[in-house]
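**Student:** So that we are looking at the same thing, I have put the structure below in structure tokens.
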Amino acid sequence: STVVLVFQAPLSRSPENGESSSDFKFLVQRGDRVRAGEALGR
Amino acid sequence: GSSKGNGDWFLLPGATVATLLMLGVLHGRRMYEDMKVGEAHEKGIEFEFQPDAKSAFLRLLPLRSISRCWGVLTSVEIPVSLRSRVYGAWARAFHSNLEEAALPLEEYATLQDFFVRTLKEGSRPIDPDPQCLVSPVDGTVLRFGEIKGAGAMIEQVKGFSYSVFSLLGATSFLPTIAKGDMQDESSEPENVSGEKSRKSWWSISFASPKVWNPYSSRPMKGLFYCVIYLKPGDYHRVHAPADWNILARRHFSGRLYPVNERATRTIRNLYVENERVVLEGLWQEGFMALAAVGATNIGSIELSIEPELRTNQAKKKFLHSERPEERLYEPDGVGRTLKKGDEVAAFNMG
Chain B
-9 STVVLVFQAP LSRSPENGES SSDFKFLVQR GDRVRAGEAL GR
Chain A
35 GSSKGNGDWF LLPGATVATL LMLGVLHGRR MYEDMKVGEA HEKGIEFEFQ
85 PDAKSAFLRL LPLRSISRCW GVLTSVEIPV SLRSRVYGAW ARAFHSNLEE
135 AALPLEEYAT LQDFFVRTLK EGSRPIDPDP QCLVSPVDGT VLRFGEIKGA
185 GAMIEQVKGF SYSVFSLLGA TSFLPTIAKG DMQDESSEPE NVSGEKSRKS
235 WWSISFASPK VWNPYSSRPM KGLFYCVIYL KPGDYHRVHA PADWNILARR
285 HFSGRLYPVN ERATRTIRNL YVENERVVLE GLWQEGFMAL AAVGATNIGS
335 IELSIEPELR TNQAKKKFLH SERPEERLYE PDGVGRTLKK GDEVAAFNMG
């Protein structure tokens, strides 16, 4: 089975080019084993 | 007659040996394929989306009937004397951690009871940082990132993406929040009820490149996703990733394709086609939805917040409606309130 999580989170802007450098940071990598309750992102 | 009878004595053992041989070859081939995929991943090589004959063949199989038969089989009571051996064999085959099971193995009457076992107190500490989102399940992170672009697409594998709107359903709050932010800059969040409250004053823009309004007083919002795959041996209960108000539940009966690594590479729109339960609501930063997607062997999704929901039901031939069955949770606009780490659902076999 599979779980897909979709959520809003803060974005900040780097004023010079308006490109989004998001506030929200994932703390995992693809292929990582995770356990319920562990931080996914901050 | 007797000579003919004597000639047949070897048929049954012969057929059994041939079947076991065939299963052994198939399993060996599968292990070889998995090894090749593992080696490729280690080298950073990523296979592209590539439909094949097997995925086309899967479309012809009665997957739901197979799943329901598997459910009947796994709900057969196992004699107490055999339970620890059966569950021990399962744990060795699928790398389950038996030490964490909340009960002694003899207490699990069926394989289904064992599969949906709870864990000993303290086995899954919840990260206390109020700024962090936690994993809702045990599993392997397949993909994650920010959802950009007007189509709001999520990559299934390299070379194929699916729409988040198709995954969550056409009646998802998602478009409302997006529209709300585009049209009405001043909307303040009332209590979360009614159409206006669906508009969040956090804005997510699918338009890209993002236009930054330096005079905007409101913090900008992005939309993010994370896809986690649960192996058969993993702990299969689902927990709240944050403090979360669940306002709506959508159940898509769909199909029950396998969702292993090979299926993600060969079946188009896998998570949009499969049976799934979508829970949607709000967390401290705005919109949050979780899609629990079933599979052939794990076709049932049980909700702690709505125990009466039944999934993986025998398909009524004439009722092939693709529309999801939806429920809005009371009280209106507040829904079901969960703390981070609260149990919200569980996958089960069959």
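Going down the list, the protein sequences come from chains B and A.
Residue numbers are given in my numbering: position 29 of the first sequence equals residue 19, and the series is strictly consecutive.
Residue numbers are given in my numbering: position 282 of the second sequence equals residue 316, and the series is strictly consecutive.
In this text, a Cβ means the ideal position worked out from N, Cα and C, and glycines have one as well.
#1: With A:Leu145 as the anchor, note down where its alpha helix (DSSP H) starts and where it stops.
#2: Enumerate in chain order the residues of its own chain whose CB-to-CB distance from A:Tyr263 is below 6 Å, with the five nearest sequence positions on each side excluded.
#3: Which residues bound the beta strand (DSSP E) around A:Glu307?
#4: Return the CA-CA distance between A:Leu145 and A:Pro365, expressed in angstroms with no decimal places.
#5: Identify the continuous beta strand (DSSP E) that holds A:Leu153 and give its terminal residues.
#6: Could you tell me how far apart the beta carbons of A:Ile181 and A:Val168 are, in whole angstroms, since I believe they sit closer than 8 Å?
#7: Would you mind telling me which residues of chain B sit closer than 8 Å to A:Arg177, beta carbon to beta carbon, in chain order?
#8: Considering A:Ala189, what are the terminal residues of the beta strand (DSSP E) in which it resides?
#9: Out of B:Arg32, B:Val24, B:Val(-4) and B:Gln(-2), state which residue places its alpha-carbon closest to the alpha-carbon of B:Phe16.
#10: With a threshold of 16 other CB atoms inside 10 Å of the CB of A:Pro138, please say whether the residue is buried or exposed.
#11: Short check: CB of A:Pro164 to CB of A:Pro275, under 8 Å?
#12: Along chain B, which residues have their Cβ under 9 Å away from the Cβ of A:Asp163?
#13: Count the C-beta pairs between the stretch 84 to 95 of chain A and the stretch 296 to 305 of chain A that are closer than 8 Å, then say yes if the count reaches three, no if not.
#14: Where DSSP assigns a beta bridge to A:Cys103, which residues make up the other side?
#15: Please confirm whether A:Gly183 has its beta-carbon closer than 8 Å to some beta-carbon of chain B.
#16: Can you name, in chain order, every residue of its own chain whose Cβ lies under 7 Å from the Cβ of A:Lys154, other than the five neighbours on each side?
#17: Taking Cβ positions only, does A:Ala325 come closer than 8 Å to chain B?
#18: May I ask you to report which of helix, strand or coil DSSP gives A:Tyr259?
#19: Take A:His285 as the anchor and find which of A:Glu314, A:Thr108 and A:Asp277 has the nearest alpha-carbon.
#20: Going by CA-CA distance only, name the one from A:Tyr363, A:Gln318, A:Gly288 and A:Ile339 that's closest to A:Arg345.
#21: Is the shortest distance between the beta-carbon of A:His285 and the beta-carbons of chain B less than 8 Å?
#22: Is there at least one Cβ from chain B nearer than 8 Å to A:Met69's Cβ?
#23: Cα separation between A:Phe321 and A:Leu97?
#24: Confirm, please, whether the CB-CB distance from A:His270 to A:Ala380 is below 8 Å.
#25: Identify whether A:Val71 lies in helix, strand or coil by the three-state DSSP scheme.
#26: Of all Cβ atoms in chain B, is any one closer than 8 Å to the Cβ of A:Trp317?
#27: Would you say A:His273 lies against chain B (beta-carbon separation less than 8 Å)?
#28: What residue range is occupied by the uninterrupted alpha helix (DSSP H) comprising A:Gly122?
#29: Please report whether the beta-carbon of A:Ile280 lies at a distance below 8 Å from any beta-carbon of chain B.
#30: So, B:Leu(-5) versus A:Leu324, is the Cβ gap smaller than 8 Å?
#31: Exposed or buried, which one is A:Val59 when buried takes at least 16 other CB atoms within 10 Å?
#32: Roughly how many angstroms separate the alpha carbons of A:Leu316 and A:Val150, rounded to a whole number?
#33: If we cut at 8 Å on Cβ distances, does A:Thr300 have a partner in chain C?
#34: At what residues does the alpha helix (DSSP H) containing A:Leu94 begin and finish?
#35: Does the distance from the CB of A:Ser101 to the CB of A:Gly384 come in under 8 Å?
**Tutor:** From the atom records:
#1: From DSSP, the alpha helix (DSSP H) with A:Leu145 extends over Leu145 to Phe149.
#2: If we look at A:Tyr263 and ignore the five residues flanking it on each side, its Cβ neighbours are Gly173, Thr174 and Leu176.
#3: DSSP places A:Glu307 in no beta strand (DSSP E) but in the uninterrupted alpha helix (DSSP H) bounded by Leu304 to Glu307.
#4: Taking the straight line from one Cα to the other gives about 37 Å.
#5: DSSP places A:Leu153 outside any beta strand (DSSP E), giving it a letter other than H or E.
#6: Actually they are not in contact, since the Cβ atoms of A:Ile181 and A:Val168 sit about 20 Å apart, beyond 8 Å.
#7: Arg20, listed in chain order.
#8: The residue asked about is misnamed: residue 189 of chain A is Glu in this sequence, not Ala. That run of the beta strand (DSSP E) goes Met187 to Val191.
#9: Of all alpha-carbon atoms in B:Arg32, B:Val24, B:Val(-4) and B:Gln(-2), the one lying nearest the alpha-carbon of B:Phe16 is that of B:Arg32.
#10: Exposed, because fewer than 16 other Cβ atoms sit within 10 Å of the Cβ of A:Pro138.
#11: For the pair A:Pro164 and A:Pro275, the CB atoms are not nearer than the 8 Å cut-off.
#12: Ordered by position in chain B, the residues that pass the 9 Å Cβ test against A:Asp163 are Ala29 and Arg32.
#13: By the criterion of at least three beta-carbon pairs nearer than 8 Å, the stretch 84 to 95 of chain A is in contact with the stretch 296 to 305 of chain A.
#14: Answer is none; A:Cys103 lacks a bridge partner.
#15: Not closer than 8 Å to any Cβ of chain B, the Cβ of A:Gly183 fails to qualify, so no.
#16: A distance below 7 Å between beta-carbons, with the five flanking residues on each side excluded, links A:Lys154 to the following residues of its chain, in chain order: Glu134 and Ala136.
#17: Output row for A:Ala325: interface = yes.
#18: Secondary structure of A:Tyr259 (DSSP, three-state): strand.
#19: Comparing C-alpha distances from A:His285 to each of A:Glu314, A:Thr108 and A:Asp277 shows the shortest one belongs to A:Glu314.
#20: The residue asked about is misnamed: residue 345 of chain A is Thr in this sequence, not Arg. The residue from A:Tyr363, A:Gln318, A:Gly288 and A:Ile339 with its alpha-carbon nearest to that of A:Thr345 is A:Gly288.
#21: Not a single CB atom of chain B sits nearer than 8 Å to the CB of A:His285.
#22: Nearest CB-CB separation between A:Met69 and chain B: not below the 8 Å threshold.
#23: Straight-line measurement puts the Cα of A:Leu97 at about 34 Å from the Cα of A:Phe321.
#24: Yes, the pair counts as a contact, with Cβ atoms nearer than the cut-off.
#25: Residue state, collapsed to three classes: helix.
#26: Chain B has a Cβ within less than 8 Å of the Cβ of A:Trp317.
#27: Chain B contact via Cβ: present.
#28: Run containing A:Gly122: Val114 to Phe128, per the alpha helix (DSSP H) assignment.
#29: Taking a beta-carbon distance threshold of 8 Å, A:Ile280 does not count as an interface residue toward chain B.
#30: Yes.
#31: Exposed: under 16 other Cβ atoms inside 10 Å.
#32: Taking the straight line joining both Cα atoms gives about 27 Å.
#33: Among the protein chains in the structure shown, which are B and A, there is no chain C.
#34: From DSSP, the alpha helix (DSSP H) with A:Leu94 extends over Ala87 to Leu94.
#35: Yes, the pair counts as a contact, with Cβ atoms nearer than the cut-off.
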